[in-house]
Amino acid sequence: METTKRELDSGLHSLVLVANYYGIPADEMQLRHNMAMQGKKYMTDDLLRGAKNLKLKVKVINGKKGSLHRLTLPAIVKLKTGEYGVVAKADENKVLMLEAYERSPKVIGMEDFNNIWDGETILVIPRDIGTRDLKFGLKWFIPSILKYKRPFIEVLAAALMMQILMIFSPLITQSVIDKVLTHNSLSTLDVLALGLLLINIFEMILSIARNYVFTHTTNRIDVILSCRLFHHLFKLPLRYFESRRVGDTIARVRELENIRRFLTGVPMTTLLDTLFIIVYIIIMFFYSVKLTWVCLASLPVLVIISAVITPILKSRLDEKFNTGAEQQSYLVEAVTGVQTIKSFAVEPDVQKKWEGLLANYTKAGFKTSILGNSAGAVAQFVQQTCDLAILYFGARLVIEGKLSVGEMVAFRMLSGRVSQPVLRLVQMWQDFQQTSISIKRLGDIFNSKPEPTMEGTATRLPALKGNIFFDKVTFRYRPDAAEVIKNMSFGIRPNTVVGVVGRSGSGKSTISKLIQRLYIPESGKILIDGMDIALTDPAWLRRQIGVVLQENFLFNATIRENIALQNTAASIEEIVRVAKIAGAHDFICELSEGYDTMVGEKGTGLSGGQKQRIAIARSLLTNPKILIFDEATSALDYESESIIQKNLDQICKNRTTLIIAHRLSTLKNADLIMVVDRGQIVEYGPQTQLIEKKGLYYHLLQQQQANI
Numbered sequence: 009m010e011t012t013k014r015e016l017d018s019g020l021h022s023l024v025l026v027a028n029y030y031g032i033p034a035d036e037m038q039l040r041h042n043m044a045m046q047g048k049k050y051m052t053d054d055l056l057r058g059a060k061n062l063k064l065k066v067k068v069i070n071g072k073k074g075s076l077h078r079l080t081l082p083a084i085v086k087l088k089t090g091e092y093g094v095v096a097k098a099d100e101n102k103v104l105m106l107e108a109y110e111r112s113p114k115v116i117g118m119e120d121f122n123n124i125w126d127g128e129t130i131l132v133i134p135r136d137i138g139t140r141d142l143k144f145g146l147k148w149f150i151p152s153i154l155k156y157k158r159p160f161i162e163v164l165a166a167a168l169m170m171q172i173l174m175i176f177s178p179l180i181t182q183s184v185i186d187k188v189l190t191h192n193s194l195s196t197l198d199v200l201a202l203g204l205l206l207i208n209i210f211e212m213i214l215s216i217a218r219n220y221v222f223t224h225t226t227n228r229i230d231v232i233l234s235c236r237l238f239h240h241l242f243k244l245p246l247r248y249f250e251s252r253r254v255g256d257t258i259a260r261v262r263e264l265e266n267i268r269r270f271l272t273g274v275p276m277t278t279l280l281d282t283l284f285i286i287v288y289i290i291i292m293f294f295y296s297v298k299l300t301w302v303c304l305a306s307l308p309v310l311v312i313i314s315a316v317i318t319p320i321l322k323s324r325l326d327e328k329f330n331t332g333a334e335q336q337s338y339l340v341e342a343v344t345g346v347q348t349i350k351s352f353a354v355e356p357d358v359q360k361k362w363e364g365l366l367a368n369y370t371k372a373g374f375k376t377s378i379l380g381n382s383a384g385a386v387a388q389f390v391q392q393t394c395d396l397a398i399l400y401f402g403a404r405l406v407i408e409g410k411l412s413v414g415e416m417v418a419f420r421m422l423s424g425r426v427s428q429p430v431l432r433l434v435q436m437w438q439d440f441q442q443t444s445i446s447i448k449r450l451g452d453i454f455n456s457k458p459e460p461t462m463e464g465t466a467t468r469l470p471a472l473k474g475n476i477f478f479d480k481v482t483f484r485y486r487p488d489a490a491e492v493i494k495n496m497s498f499g500i501r502p503n504t505v506v507g508v509v510g511r512s513g514s515g516k517s518t519i520s521k522l523i524q525r526l527y528i529p530e531s532g533k534i535l536i537d538g539m540d541i542a543l544t545d546p547a548w549l550r551r552q553i554g555v556v557l558q559e560n561f562l563f564n565a566t567i568r569e570n571i572a573l574q575n576t577a578a579s580i581e582e583i584v585r586v587a588k589i590a591g592a593h594d595f596i597c598e599l600s601e602g603y604d605t606m607v608g609e610k611g612t613g614l615s616g617g618q619k620q621r622i623a624i625a626r627s628l629l630t631n632p633k634i635l636i637f638d639e640a641t642s643a644l645d646y647e648s649e650s651i652i653q654k655n656l657d658q659i660c661k662n663r664t665t666l667i668i669a670h671r672l673s674t675l676k677n678a679d680l681i682m683v684v685d686r687g688q689i690v691e692y693g694p695q696t697q698l699i700e701k702k703g704l705y706y707h708l709l710q711q712q713q714a715n716i
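Letter by letter, the sequence shown follows residues 9 to 716 in our numbering.
Listed below in structure tokens is the structure:
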């Protein structure tokens, strides 16, 4: 094994060994692809990401030398050379370690091991299987909260201390009014003022610390949620995105902001403050039972307000989201189709529709805000009325001599400690309704079943030979829709060039997507090299299939980066080689910055033919044994098509190639022609044989020749 590879992949190899020990299927090449780490050295942070990718729990310990025997083994250790190894067993005197790519482990004395170990240990254990498929909802946040339970405990402790300190403020105020003012005791006043100042300082410090810890922790949870959302979103099948508008998906992703706002709104401390109300009420009863009941009389009213407003608020929030998603979808659609809009000069119509959607969203937002603000205003009025009643009845008690002035002021301060958390709770309940709607919308993404991965029954394909077999395959887009592919069966031998032709809507492109497992057949099997692709990892399968579409997406990056999309570690020599095969090298060299030229968003800096040749080069970089041209030349000019056609033999060499085409002239070099009509194969054989048969292929050929 080369030293370079050991340095690059020793950590990854060690992780795979530990995963396999726990019975979790893992593959180095697949992990490298999933983590986008081609050609890069794996550091500890990368191994943590890889372990999470395999549903493993990990923890890094910078342990004291000789402490390995106290840890859960096997574990990954980092050596002073920068490489990683696996410690299988350890006691106080020796260590059993397997170094990367060695065939068998070896026993090393603890002193010798300490000389090569840098002290870093990565503990790896399986996650609880029961938590893997937790449905997204409020319960989904519990594991994340428990993960950071210590900071949350610190927050609760700080909030508890603040509540305890807040009890002393009314008592000190009462003493100042009843004792200091009555007896003109300045020395007592100084002591009480100093005490009150110290209490305020401690409250400020605890409040800052509490908010810092809480915000920091909730931000970490927010990062976890955002990463999981993005990861899960791109694990969903293609049909998920095809059945939803882009703007609707974006609107759902943006609901993260509402959840973030709620989490950082300190709901936990508000609940603690609310629970502490009981303590204040008990103290208030010692002051005056009558005034306490006056204060408590407002609570049922506030509960009734919340109960009445909740269903209406939910309905308004739903309406606001739906109109917002509609507006977002139309915006994406309009920006994407701006060329068509300008070509047909329909900007006024687009503007009019946009303004209508904007008006609907603004109206829904206005109704929601008015409802929430009105509920808050009513709650505030109820509280102010309660304060007025306490002031009125409290003054009467003072006049009757049943309560001192200081006691009345202290009681009002305590009643404020009761009313303010309740008002915050009412507001938090409204915010919670918004958050519950956001969780429901995000649940559409999180609770959608992703494509299967290498876990469980999914198996990794070996290097493909390119044998494709359809066995009675039927497919439809929806259960209530017509069959797009009907009981289709055919076979393609390795290294065969097959042209797929037929009328528009006959199911040609659907065959391509079925081979890539972008679509799942309703019935039947698709076998590649004799293996059912339903049992394979889709990502691994697609990495061995090259695809060139009619409209290929180029990212806003350099030509080199676009060609090396599937293998970012590819050398410039490899990139140039495939560019020459695709007929792209010459025009790339003519550009001012060559392969480092930025192509612009969606490749706007290049012509259609240039983009297509870059796409072909991209599809060839990993040397796929199956290559699919899906209407790849139908929109090209004659010169661009001629360049691609000229290189077609070299492009298709030693690989199974499917050429889906409208232009039958592009199928000159095809070994076989498959004619598809209404989801069925009506003709299949060599081109000369189909022409002699004078069936549908002959009819399509005659039509095109007549139009030339």
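Quick reminder that beta carbons are idealized off the backbone N, C-alpha and C, glycines included. In this text, all values refer to a predicted model and were calculated from it rather than measured experimentally.
**OP:** Would you kindly work out how many angstroms separate the C-alpha atoms of residue 591 and residue 533, rounded to a whole number?
**Re:** Going by C-alpha positions, residue 591 is about 37 Å away from residue 533.
Original post:
To which residues does DSSP link residue 493 through a beta bridge?
Top reply: As computed with DSSP, residue 493 is found in a beta bridge with 483.
Subject >> Top-ranked residue by Cα proximity to residue 180, from 163, 161, 208, 158 >> reply: Looking at the Cα atoms, 208 is the closest of the given residues.
Original post:
For residue 208, which three-state DSSP category applies?
Top reply: Residue 208 sits in a helix when the DSSP states are folded into three classes.
**OP:** Could you check which residue in 371, 687, 683, 711 has the C-alpha nearest to that of residue 698?
**Re:** That would be 683, whose Cα lies nearest to the Cα of residue 698.
Original post:
Would you report the Cα separation of residue 522 and residue 57, rounded to the nearest angstrom?
Top reply: Approximately 31 Å, taken between the alpha carbons.
Subject >> Beta-bridge pairing of residue 98 - partner residues as DSSP gives them >> reply: Residue 98 is bridged to 103.
Subject >> Cβ-based neighbour list, residue 121, same chain, cut-off 6 Å, excluding 5 preceding and 5 following >> reply: If we look at residue 121 and ignore the five residues flanking it on each side, its Cβ neighbours are 103.
Subject >> Span of the beta strand (DSSP E) around residue 134 >> reply: Membership of residue 134 in the beta strand (DSSP E) is indicated by the continuous run 125-134.
Original post:
Ends of the alpha helix (DSSP H) at residue 665?
Top reply: Taken as a continuous stretch (DSSP letters only), residue 665 belongs to no alpha helix (DSSP H), being part of the beta strand (DSSP E) at 664-668.
**OP:** Could you work out which residue in 267, 349, 392, 358 is closest to residue 449 when comparing CA atoms only?
**Re:** Ranking 267, 349, 392, 358 by Cα distance to residue 449 puts 267 first.
Original post:
Three-state secondary structure (DSSP) at residue 732?
Top reply: It is not possible to answer for residue 732, since the shown part of the chain is limited to 9 through 716.
Subject >> Bridge partners - residue 680, DSSP secondary structure assignment >> reply: The partner list for residue 680 (beta bridge, DSSP) reads 506.
Original post:
If you count every other CB in all the chains shown that lies within 10 Å of the CB of residue 696, and 16 or more means buried, which is it?
Top reply: Exposed, because fewer than 16 other Cβ atoms sit within 10 Å of the Cβ of residue 696.
Original post:
Any idea what DSSP makes of residue 692, helix, strand or coil?
Top reply: Residue 692: strand per DSSP, three-state reduction.
Original post:
Quick one: what's residue 478 bridged to in DSSP?
Top reply: DSSP, once it has assigned bridges, lists 498, 534 as partnering residue 478.
Original post:
Excluding five sequence neighbours on each side, which residues of the same chain lie with their C-beta closer than 8 Å to the C-beta of residue 388?
Top reply: Around residue 388: 431.
**OP:** Taking all protein chains shown into account, decide if residue 711 is buried (16 or more other Cβ within 10 angstroms of its Cβ) or exposed.
**Re:** Exposed is the label assigned to residue 711, since fewer than 16 other Cβ atoms lie within 10 Å of its Cβ.
**OP:** Evaluate residue 235 with the Cβ neighbour count: other Cβ atoms within 10 Å of its Cβ, from every protein chain shown; 16 or more gives buried, anything less gives exposed.
**Re:** Around the CB of residue 235, fewer than 16 other CB atoms lie within 10 Å, so the residue is classed as exposed.
**OP:** Report the option in 519, 656, 512, 483 whose CA atom is closest to the CA atom of residue 499.
**Re:** Of 519, 656, 512, 483, the residue nearest in Cα terms is 519.
**OP:** Within the same chain, show all residues whose beta-carbon is closer than 8 Å to that of residue 677, passing over the 5 residues directly before and after it, in chain order.
**Re:** Same-chain partners within the cutoff: 505, 656, 657, 660.
**OP:** Evaluate residue 51 with the Cβ neighbour count: other Cβ atoms within 10 Å of its Cβ, from every protein chain shown; 16 or more gives buried, anything less gives exposed.
**Re:** The Cβ neighbour count for residue 51, taken over all protein chains shown within 10 Å, is under 16; the residue is labelled exposed.
Original post:
Cβ of residue 627 less than 9 Å from any chain D Cβ?
Top reply: Among the chains in the structure shown there is no chain D, since it carries only a single protein chain.
Subject >> Contacting residues, own chain, Cβ-Cβ under 7 Å from residue 429 (five flanking each side not counted) >> reply: Counting only Cβ-Cβ distances below 7 Å, and skipping sequence neighbours, we find 278, 281, 282, 285.
Original post:
Quick one, are the C-beta atoms of residue 131 and residue 67 less than 9 Å apart?
Top reply: A contact, by the Cβ cut-off of 9 Å.
Original post:
Are the CB atoms of residue 94 and residue 20 nearer to each other than 9 Å?
Top reply: Going by C-beta atoms, residue 94 is not nearer than 9 Å to residue 20.
Original post:
In three-state DSSP terms, what is residue 67?
Top reply: Looking at residue 67 - three-state DSSP - the assignment turns out to be strand.
Subject >> DSSP-derived helix/strand/coil call for residue 763 >> reply: What is shown of the chain runs 9 to 716, which leaves residue 763 out entirely.
Subject >> Identity of the residues DSSP links to residue 566 by a beta bridge >> reply: In the DSSP assignment, residue 566 is bridged to 606.
Subject >> Cβ-based burial, residue 489 [other Cβ within 10 Å; buried from 16] >> reply: Counting Cβ neighbours within 10 Å, residue 489 comes out exposed, since fewer than 16 surround it.
Original post:
Three or more C-beta pairs closer than 8 Å, one from the stretch 595-613 and one from the stretch 555-570: is that the case here?
Top reply: Short answer: they touch.
Subject >> Cα-Cα separation between residue 557 and residue 129, rounded to whole angstroms >> reply: In a straight line, the C-alpha of residue 557 is about 47 Å away from that of residue 129.
Original post:
Under the DSSP definition of a beta bridge, which residues are partnered with residue 539?
Top reply: Residue 539 is bridged to 536.
Subject >> Backbone CA spacing between residue 419 and residue 159 [nearest angstrom] >> reply: Distance between the alpha carbons of residue 419 and residue 159 is about 34 Å.
Subject >> Local conformation of residue 186 per DSSP, three classes >> reply: Note: residue 186 maps to helix in three-state DSSP.
Original post:
Are the Cβ atoms of residue 166 and residue 221 separated by less than 9 Å?
Top reply: Closer than 9 Å, so yes.
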